[in-house]
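K.L.:
At the far end of the sequence shown sits residue 141, using full-length UniProt numbering, and the numbering has no gaps.
Think of the CB as a built atom: it goes at the ideal place given N, C-alpha and C, for glycine as much as any other residue.
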Amino acid sequence: MTGPGIGASEHIGDGPRGADWFPTNKPPNLDDWGKGAPGGRVVSTSEDWKTRAKVATDAAQAIRESIDLARGILGTNFFGAGCPEGVNLQAKLRAALLDSGGWAQNLSLQFTALEKLSQTASQTGEEFSATDQSASRPLTK
C-alpha cells in the first residue's frame, strides 16, 4: 500500500501505485466557483449551479453504492466458514465498517450532506436566475 509511512513505489493489487494514488483533502480552488470578471466581480450562471448539483448528486450516489457493496460483501463469510479466525475476522470487519459509528455511518452522513448540497445548489441557481431576470426587466423597457 501507499500512504503515510509506506513506500511510494510499493505494489497494491495488480500494479504499482504512486504516492498520489490516495485522495487528499485539499481545500477547493475558489476560482472554480464562478468566472472571474474585470474589477473583481464574479459572474455565475445557472449552468454552473446545475453542474454543482449534478456533481454532488453523482458523489452521493457513489457513496451509496460503496455502502451497499460493503454490506453485500460483508453479509457473507468469505474468510473461512466454520473457522474461528474467519468468523472472528468477519465479525470485526462488520463492526468496524457497518455498525453504529463505523465507516458506513460516516459515509451515510456524507451522503446526506451531498444530497442537501445538490438541492441547495439547484435552488441557488434558480434563485440567481430569477433575480437576474427580475433585475433586468427595468433595463429592457
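Under the rule that 16 or more other beta-carbon atoms within 10 Å means buried, what is Gln90, buried or exposed?
P.N.:
Gln90 is buried by the Cβ-count criterion.
K.L.:
What is the rounded straight-line gap between the Cα of Asn88 and the Cα of Gly80?
P.N.:
Roughly 10 Å between the two C-alpha positions.
K.L.:
If you count every other CB in all the chains shown that lies within 10 Å of the CB of Leu69, and 16 or more means buried, which is it?
P.N.:
Exposed: under 16 other Cβ atoms inside 10 Å.
K.L.:
Helix, strand or coil for Ala104, going by three-state DSSP, please let me know.
P.N.:
Correct three-state label for Ala104: helix.
K.L.:
Could you give the distance in angstroms between the alpha-carbon of Ser100 and the alpha-carbon of Arg94?
P.N.:
For Ser100 and Arg94, the distance between alpha carbons rounds to 10 Å.
K.L.:
To the nearest angstrom, how far is it from the Cα of Lys92 to the Cα of Ala121?
P.N.:
Each residue's alpha carbon lies about 39 Å from the other.
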